[in-house]
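**Q** According to this note's numbering, the stretch in the sequence shown is residues 8 to 419, in order.
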Amino acid sequence: MNLQKTHTHNTIFNAMGEGLWGFAMAFHNMNSVIPMFLAQMGASAFIIGIIPGVFILLVALPQLISAALFHQSPHIKKLNIGLHFALTPIALMIGLAFYKYEFIGQTGVMVYLVLWLIWSLGVGFLVPVWADFLASVTVAGRRGRFFGITFTVNAILGIVGGYVLKEVLALESLSFPRNFGLAFLIMTAAILIGNSFFIFMKVIHLPAAVVKQVEPWWQRLKVIYIGDKNFRNYIISRALAAATMMPLAFYGVDLQNRFGLPLSAAGTFTFFLVVGQAIFNILFGYLGDIYGRKLAISGFFVGHLLAGITALLASEPWMAYLAFIFVGMGFGAGQSSFMVYIYEFAGELGDKKLYYAALDTAVAPVIIVYISIAGIIVDTFGVTTLYLLSLTLVLAGLAFFLLKVKSPQTDQ
């Protein structure tokens, strides 16, 4: 097998598949679309505020189970494809609930939250398998560029999705919530088509085989937490960085109200968010491969800091759009680098799924705290206080990351 040729082949097909997922997720963005959708149905500030954070939390919950269940499975490609397709019926039910059955008000909020709960847990069950699959179809030295290219295509098609969403929400022939229901149905179709591209990808190397795994997964998890000090420091920095989730749901709602923007601004915000992702995915993917992953991950912190500062100081509508470009910068830096950084901590022969689950599981309790207080802070003190608190914690996370976390390759 020509490894480089296969790697390039996989990059093309993964970019097409993930690109259509990027298009799809523009219609279901947890940081711009869903908070405004729920606000339109009369959801409380608490419910709106917990959406981005609880999504991450729910994604984290089943990861250890998934990592243990599919540990070093030789069927990594089939598992990845099967779990991707399993999400499609859930997306379809979300679309039908609001396009056909037109649930609104508190009933609509509850229907959406139940389906969203199932969706989020399904994504979490998929993530460790997906991470291992991507490691198995790539060449180690070119993974940053692989993710950079993949998620740049993802973001470019997300830009298209944001534009289409804006047009759908502006249709006078579709009243709320049918306009959002149609958007969710378009999302479902894009997911279905995107999943088909993963069928054509080729496994370069299966997850490293071990003759016999004597220790149960929880003991191996304990070894990671206790024995890898550098990884513990990384967990602390990411726990502080998770404060980025507190204001995410409020950026769109706050800036829309502040400047009197129409509901279709949800599509415009998504458009600018994914523009930022498109630019910075590829930029930080290449910078990470060339200059090290720490530089790229620093871009995650900086992007969210700039987003918070811009939202705090915004006095014109263009500054609202700029804030979402900076959110995209943070997401782009993270998408191109977070998974590769976990690969480097685990090593080529290590259990990447368990390391990935270990990070998300450790950060989850901190996320619970953040999302529990975000809505309360907004109701009691206003969004300005929330923005300032988030900025302080993220800045502390950046300082800790730069000073205490070593690149895994140099950690002795």
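Glycine included, C-beta positions come from ideal geometry on N, C-alpha and C.
The model shown is predicted, which means the values in this text are computed figures rather than measured ones.
Check whether the Cβ atoms of Gly339 and Gly283 sit closer than 8 Å, and answer yes or no.
**A** What you label residue 339 is simply residue 332 of the sequence shown in a count that begins at 1. What you label residue 283 is simply residue 276 of the sequence shown in a count that begins at 1. Yes. Within cutoff.
**Q** Is Asn17 closer than 8 Å to Met253 when the C-beta atoms are compared?
**A** Counted from its first residue, the sequence shown places residue 253 at position 246. Counted from its first residue, the sequence shown places residue 17 at position 10. No, they are not a contact pair.
**Q** Which of helix, strand or coil does DSSP assign to Asp367?
**A** The count along the sequence shown starts at 1 and reaches residue 367 at position 360. Asp367 falls in the helix class under three-state DSSP.
**Q** Any contact between the region 48-62 and the region 85-93? By contact I mean 3 or more CB pairs, one from each, below 8 Å.
**A** They do not touch, by the three-pair rule.
**Q** Assign Lys359 to one of two classes, buried (16 or more other C-beta atoms within 10 Å of its C-beta) or exposed (fewer than that).
**A** Indexing the sequence shown from 1 puts residue 359 at position 352. Under this definition Lys359 is a buried residue.
**Q** On a Cα-Cα basis, can you pick out the residue from Thr368, His82, Leu71, Ser39 that is closest to Phe187?
**A** Here the question's residue 187 lines up with position 180 in the sequence shown. Nearest C-alpha to Phe187: Ser39.
**Q** Quick check: the Cα distance between Val218 and Tyr348, rounded to an integer number of angstroms?
**A** As a position in the sequence shown, residue 218 is number 211, starting the count at 1. As a position in the sequence shown, residue 348 is number 341, starting the count at 1. Annotation note: pLDDT 45 at Val218 (below 50); position unreliable, coordinate value reported separately. Near 26 Å, if we compare the C-alpha coordinates of Tyr348 and Val218.
**Q** Report all residues from its chain with a CB closer than 7 Å to the CB of Ala93; omit the five preceding and five following residues, and keep chain order.
**A** Here residue 93 refers to the residue found at position 86 of the sequence shown. Excluding residues within five positions, the ones whose Cβ falls inside 7 Å are Gly129.
**Q** Taking the alpha carbon of Leu103 as the reference point, which residue from Leu45, Leu313, Leu133, Ala190 has its own alpha carbon closest?
**A** Position 96 of the sequence shown holds residue 103. The shortest Cα separation from Leu103 among Leu45, Leu313, Leu133, Ala190 belongs to Ala190.
**Q** Report the residue from Gly306, Ala196, Glu351 whose alpha carbon sits nearest the alpha carbon of Leu409.
**A** The residue labelled residue 409 in the question sits at position 402 within the sequence shown. Nearest option by C-alpha distance: Gly306.
**Q** Considering only residues of the same chain and omitting the five flanking positions on each side of Met100, which have a CB-CB separation below 8 Å?
**A** By one-based count along the sequence shown, residue 100 stands at place 93. Excluding positions up to five away in sequence, the list reads Leu122.
**Q** Using the Cα positions of Leu290 and Gln113, report the straight-line distance between them to the nearest angstrom.
**A** Mapped onto the sequence shown, residue 290 falls at position 283. Mapped onto the sequence shown, residue 113 falls at position 106. For Leu290 and Gln113, the distance between alpha carbons rounds to 43 Å.
**Q** What do you get for Val175, buried or exposed, if any count of 16 or more other CB atoms within 10 angstroms of its CB means buried?
**A** Translated into the one-based positions of the sequence shown, residue 175 becomes position 168. Flag for Val175 reads buried.
**Q** Determine the burial state of Ala406: buried for a count of at least 16 other Cβ atoms within 10 Å of its Cβ, exposed for fewer.
**A** Position 399 of the sequence shown, counting from 1, holds the residue named residue 406. Under this definition Ala406 is an exposed residue.
**Q** Determine the extent of the alpha helix (DSSP H) in which Val282 is found, giving its start and end residues.
**A** Here residue 282 refers to the residue found at position 275 when the sequence shown is read from its first residue. Taken as a continuous stretch (DSSP letters only), the alpha helix (DSSP H) holding Val282 covers 272-298.
**Q** Could you give the distance in angstroms between the alpha-carbon of Pro415 and the alpha-carbon of Ile316?
**A** Residue mapping note: residue 415 aligns to position 408 of the sequence shown, counting from 1. Residue mapping note: residue 316 aligns to position 309 of the sequence shown, counting from 1. Spanning the two alpha carbons is a distance of roughly 31 Å.
**Q** Measure the Cβ-Cβ separation of Ala327 and Leu262 and say whether it is below 8 Å.
**A** Your numbering for residue 327 matches position 320 in the sequence shown. Your numbering for residue 262 matches position 255 in the sequence shown. Contact: yes.
**Q** So is Phe238 buried or exposed if we call it buried at 16+ other beta carbons inside 10 Å?
**A** Within the sequence shown, the letter at position 231 stands for residue 238. Flag for Phe238 reads buried.
**Q** By Cβ distance below 8 Å, which residues in the same chain neighbour Tyr293 in space, the five residues on each side in sequence not counted?
**A** Working through the sequence shown from its first residue, we reach residue 293 at position 286. Answer for Tyr293: Gly151, Arg152, Gly155, listed in chain order.
**Q** Ala177: buried (16+ other C-beta within 10 angstroms of its C-beta) or exposed?
**A** Numbered from its first residue, the sequence shown carries residue 177 at position 170. So Ala177 ends up on the exposed side.
**Q** Can you list, in chain order, the residues of its chain whose CB lies under 8 Å from that of Ser73, leaving out five sequence neighbours each side?
**A** Sequence index remark: in the sequence shown, residue 73 carries index 66 (1-based). For Ser73, where only same-chain residues beyond five positions count, the Cβ hits under 8 Å are Gly131, Phe132, Leu133, Val134, Pro135, Val136, Lys360, Ala364.
**Q** Which complete beta strand (DSSP E) runs does the region 131-156 hold, if anything under 3 residues is left out?
**A** Those beta strand (DSSP E) runs which fall completely within the region 131-156 and span 3+ residues do not exist here.
**Q** Any contact between the region 190-204 and the region 371-378? By contact I mean 3 or more CB pairs, one from each, below 8 Å.
**A** They do not touch, by the three-pair rule.
**Q** May I have the straight-line CA-CA distance separating Arg149 from Gly49, to the nearest angstrom?
**A** The residue you call residue 149 lines up with position 142 of the sequence shown. The residue you call residue 49 lines up with position 42 of the sequence shown. Distance between the alpha carbons of Arg149 and Gly49 is about 47 Å.
**Q** Return the chain-ordered ranges of every beta strand (DSSP E) run that is complete within the region 229-266 and spans a minimum of 3 residues.
**A** For the region 229-266, not a single whole beta strand (DSSP E) run of length 3 or above is found.
**Q** Along the alpha helix (DSSP H) that carries Lys209, what are the first and last residues, could you check?
**A** For the purposes of this step, residue 209 is identified with residue 202 of the sequence shown, where counting begins at 1. Premise fails: Lys209 is in no alpha helix (DSSP H) and is neither H nor E.
**Q** Under three-state DSSP, which class holds His82?
**A** Position 75 of the sequence shown, counting from 1, holds the residue named residue 82. If DSSP states are grouped into helix, strand and coil, His82 belongs with coil.
**Q** Hey, is the region 323-337 in contact with the region 271-286, meaning 3+ C-beta pairs nearer than 8 Å?
**A** The region 323-337 vs the region 271-286: in contact.
**Q** Work out the CA separation of His14 and Arg3 for me, nearest whole Å.
**A** Given that the chain is displayed from residue 8 to residue 419, the structure contains no residue 3 and the question cannot be resolved.
**Q** Report the rounded CA-to-CA distance for Ser143 versus Ser182, giving the unit in angstroms.
**A** The count along the sequence shown starts at 1 and reaches residue 143 at position 136. The count along the sequence shown starts at 1 and reaches residue 182 at position 175. Cα to Cα, the separation comes out at about 46 Å.
**Q** Mind checking which residues open and close the alpha helix (DSSP H) that includes Ser343?
**A** To locate residue 343, count along the sequence shown from 1; it is residue 336. That run of the alpha helix (DSSP H) goes 324-353.
**Q** Excluding the 5 residues flanking Val260 on each side, which residues of the same chain have their C-beta closer than 7 Å to its C-beta?
**A** Here the question's residue 260 lines up with position 253 in the sequence shown. Pro42, Met43, Ala46, Ile55, listed in sequence order.
**Q** Note down, in chain order, each residue of its chain lying with its Cβ closer than 7 Å to the Cβ of Ile125, except the 5 sequence neighbours on either side.
**A** Indexing the sequence shown from 1 puts residue 125 at position 118. Within the same chain, Ile125 has close Cβ partners Ile97.
**Q** Identify the continuous alpha helix (DSSP H) that holds Val7 and give its terminal residues.
**A** Only positions 8 to 419 of the chain appear in the structure, and residue 7 is not among them; the question remains open.
**Q** In whole angstroms, what separates the C-alpha of Thr95 from that of Leu319?
**A** On the sequence shown, position 88 is the one that residue 95 refers to. On the sequence shown, position 312 is the one that residue 319 refers to. In a straight line, the C-alpha of Thr95 is about 38 Å away from that of Leu319.
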